[in-house]
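A short write-up of the structure that comes next.
Chains as they are written, first to last, in my numbering: chain U, 312 to 643; chain V, 24 to 146.
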């Protein structure tokens, strides 16, 4: 047993005891995967909405620092490693180069170049490839013509893209999870209509000095040219949808993707991670996640911005793999 | 080796997510007054002390406007007898930037058409 498994063993024992205790009442909720994903997803969307009403600045500050790297690892795991795309070496290298370039400062048009090898290298009908090429060309045209605006729109929309990708690509595993996209859409509309503002005023949540950031800074970053009230609401919607995005990658897709339908102990989860990535890369990921969390303790704002610099690539990765799967009509 | 590509991609990452500054302020980032700079539309200029405004949401909406000192890049005025190539061309812009957004669209449409056409021939 590895050191990590030894650490996780007591947590697993506690979890098993809790399951046994709750089994008479909550057993049916956990036993069936589709039902479990449906209620877990709905609960997480509701919690994300309530947190957006109560502490949006904390969500924006802590979310990326604590959940950012794990969700990037999940991105890579469920989009690349588990479907085996890394074994299609030429495709992986050609897609990987522009993705890496975006992390090094390249603009969105370069990031979108990752879609080209995915589209042309996909095994599927040329009619679908032609359609996807047209989509790529439109996006590239927008990226070249409206670079900064495109990046902002993409930052907002990529949260939704993850929900759509999960809903479509793993659809056979969560037939009853309609509540998740519906609640996410309803929550976004409610925030854009101003539902949160009286609550934030009542709770005194317009400032959170310990986060090192204010609504002013977030509005300047996320909606710089929008009218003030709309800018504020876009920031709130971003906080909410970012949280939903993390839930999808860290909870719902892992639940849906694993072969075994029953909940998996944490030790088994760790073993599966080691099997998927290998020990050395996984150690680097864990070190990176802890590094950013510790950085957050020292300087929360810089840690958040540091993570965001790191994460630029993953929206384009989601688009590229989504395009590949849409053409191939399958996930792997 | 392949397994190292992903962590390498993550660890080597190091760039661009910046908060958007006020108009023409980004060219003066980290500079002092009177330093040379470039405006948002790539004109040469100099950094000058200026007043910028930002919305303060600390009391909720609607926000109050807060003024603060900042440096903005002010374009140098061109010599009076200099005509731009665009003006000499009758005021029509010949910038390649205007055509740029349409270029990939056009190329992709050509490529898509060619690919679909090729498939039909095979069938």
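Ideal Cβ placement from N, Cα and C applies to all residues, glycine included. Predicted model, so just to flag it, every value in this text is computed and none were measured.
Nearest-angstrom Cβ-Cβ length linking residue 58(V) and residue 67(V), presumed shorter than 8 Å: Counting from 1 along the second chain, the entry for residue 58(V) is found at position 35. Counting from 1 along the second chain, the entry for residue 67(V) is found at position 44. Not a contact, Cβ separation roughly 12 Å.
Using beta carbons (cut-off 8 Å, strictly below), is residue 80(V) in contact with chain U? Within the second chain, the letter at position 57 stands for residue 80(V). So, interface residue.
Can you list the residues of chain V that residue 527(U) reaches, using a CB-CB cut of under 9 Å? Taking the first chain and counting its residues from 1, one reaches residue 527(U) at position 216. What residue 527(U) touches in chain V: 77, 78, 79, 80, 81, 86, 89.
Can you pull the chain V residues whose beta carbon is under 9 Å from the beta carbon of residue 508(U), in chain order? Along the first chain, one-based indexing puts residue 508(U) at 197. The contacting residues are 83, 84.
Which residue comes first and which comes last in the alpha helix (DSSP H) that contains residue 568(U)? Here residue 568(U) refers to the residue found at position 257 of the first chain. 564-568 is the span of the alpha helix (DSSP H), which, as asked, contains residue 568(U).
Residues of the stretch 518-552 of chain U whose Cβ lies closer than 8 Å to any Cβ of chain A, in chain order: No chain A appears in this structure, whose protein chains are U and V.
Min CB distance residue 377(U) to chain V below 8 Å: In the first chain, residue 377(U) corresponds to position 66, counting from 1. False, the Cβ-Cβ gap to chain V never drops below 8 Å.
Check the C-beta distance from residue 481(U) over to residue 568(U) and give it rounded, since I have them as a contact under 8 Å. Position 170 of the first chain holds residue 481(U). Position 257 of the first chain holds residue 568(U). The pair is a contact, with the Cβ atoms about 7 Å apart (cut-off 8 Å).
Can you tell me which of the three DSSP states residue 481(U) falls into? The sequence position of residue 481(U) within the first chain is 170, counting from 1. Looking at residue 481(U) - three-state DSSP - the assignment turns out to be coil, as it is neither helix nor strand.
Check the Cβ-Cβ distances between residue 511(U) and every residue of chain V, and say whether any is below 8 Å. Reading the first chain from its first residue, position 200 is the one you call residue 511(U). Yes, its Cβ sits closer than 8 Å to a Cβ of chain V.
In whole angstroms, give me the CA-to-CA distance for residue 472(U) and residue 53(V). The sequence position of residue 472(U) within the first chain is 161, counting from 1. The sequence position of residue 53(V) within the second chain is 30, counting from 1. In a straight line, the C-alpha of residue 472(U) is about 36 Å away from that of residue 53(V).
Any idea which residues DSSP pairs residue 325(U) with across the strands? The residue given as residue 325(U) occupies position 14 in the first chain. Paired residue(s): none; residue 325(U) is not in a bridge.
Below 6 Å CB to CB, which residues in the same chain sit around residue 552(U) once its five sequence neighbours on both sides are set aside? Counted from its first residue, the first chain places residue 552(U) at position 241. Excluding positions up to five away in sequence, the list reads 470.
Excluding sequence positions up to five away, which residues of its chain have a Cβ less than 8 Å from the Cβ of residue 389(U)? Here residue 389(U) refers to the residue found at position 78 of the first chain. The residues are 560, 564, 565, 568.
Between residue 376(U) and residue 607(U), how many whole angstroms is the CB-CB distance? I'm expecting something under 8 Å. Within the first chain, residue 376(U) is the residue found at index 65, counting from 1. Within the first chain, residue 607(U) is the residue found at index 296, counting from 1. Between residue 607(U) and residue 376(U) the Cβ distance is about 4 Å, and since that is below 8 Å, they are a contact.
Could you name the residues that DSSP lists as bridge partners for residue 69(V)? Residue 69(V) sits at position 46 when you count from the first residue of the second chain. DSSP output for residue 69(V) lists 59(V), 97(V) as bridge partner(s).
By DSSP's criteria, residue 75(V) is part of a beta bridge. Which residues make up the other side? Looking up residue 75(V) in the second chain gives position 52. Beta-bridge pairing links residue 75(V) to 91(V).
Counting Cβ pairs closer than 8 Å, one from the stretch 357-371 of chain U and one from the stretch 511-529 of chain U, do we hit at least three? yes
Indicate the three-state DSSP secondary structure (helix, strand or coil) for residue 386(U) in the structure shown. Position 75 of the first chain, counted from the start, is the residue given in the question as residue 386(U). In the structure shown, residue 386(U) sits in a helix (DSSP, three-state: H, G or I).
Per-residue DSSP class, three states only, for residue 355(U): Taking the first residue of the first chain as 1, we reach residue 355(U) at position 44. Note: residue 355(U) maps to helix in three-state DSSP.
Look at the alpha carbon of residue 629(U) and the alpha carbon of residue 322(U), and state the distance between them as a whole number of angstroms. Here the question's residue 629(U) lines up with position 318 in the first chain. Here the question's residue 322(U) lines up with position 11 in the first chain. Near 33 Å, if we compare the C-alpha coordinates of residue 322(U) and residue 629(U).
If we count the other Cβ atoms within 10 Å of its Cβ and call it buried at 16 or more, is residue 413(U) buried or exposed? Taking the first residue of the first chain as position 1, residue 413(U) is located at position 102. It is buried - the Cβ of residue 413(U) has at least 16 other Cβ atoms within 10 Å.
Could you give the residue range of the alpha helix (DSSP H) that holds residue 392(U)? The sequence position of residue 392(U) within the first chain is 81, counting from 1. Segment: none, residue 392(U) is in no alpha helix (DSSP H) and carries neither H nor E.
Would you be able to state if there are at least three C-beta pairs under 8 Å between the stretch 393-413 of chain U and the stretch 432-446 of chain U? yes
Residue nearest to residue 635(U) in terms of C-alpha spacing, selected from 319(U), 359(U), 399(U), 358(U): The residue you call residue 635(U) lines up with position 324 of the first chain. Considering only alpha carbons, the answer is 399(U).
Exposed or buried, what is residue 554(U) when buried is set at 16 or more other beta-carbons lying within 10 Å of its beta-carbon? The residue labelled residue 554(U) in the question sits at position 243 within the first chain. Under this definition residue 554(U) is a buried residue.
Length of the line joining the Cα atoms of residue 611(U) and residue 545(U): In the first chain, the residue the question calls residue 611(U) occupies position 300. In the first chain, the residue the question calls residue 545(U) occupies position 234. Cα to Cα, the separation comes out at about 22 Å.
How should residue 477(U) be labelled, buried or exposed, when 16 other C-beta atoms within 10 angstroms of its C-beta is the threshold for buried? As a working mapping, residue 477(U) is identified with position 166 in the first chain. Burial call: buried.
The stretch 526-540 of chain U contacting the stretch 570-585 of chain U, beta-carbon criterion three pairs below 8 Å: no
Hey, which unbroken runs of the alpha helix (DSSP H) at 4 residues or more fall wholly within the stretch 591-629 of chain U? 611-621
Buried or exposed: residue 347(U), going by 16 or more other Cβ atoms within 10 Å of its Cβ? The residue given as residue 347(U) occupies position 36 in the first chain. That one is buried.
With 16 as the cutoff for other CB atoms within 10 Å, does residue 313(U) come out buried or exposed? By one-based count along the first chain, residue 313(U) stands at place 2. Classification of residue 313(U): exposed, given that the 10 Å Cβ count is below 16.
Could you say which of 325(U), 373(U), 331(U), 332(U) lies nearest to residue 605(U) if we only look at CA atoms? On the first chain, position 294 is the one that residue 605(U) refers to. Measuring from the Cα of residue 605(U), the nearest candidate turns out to be 373(U).
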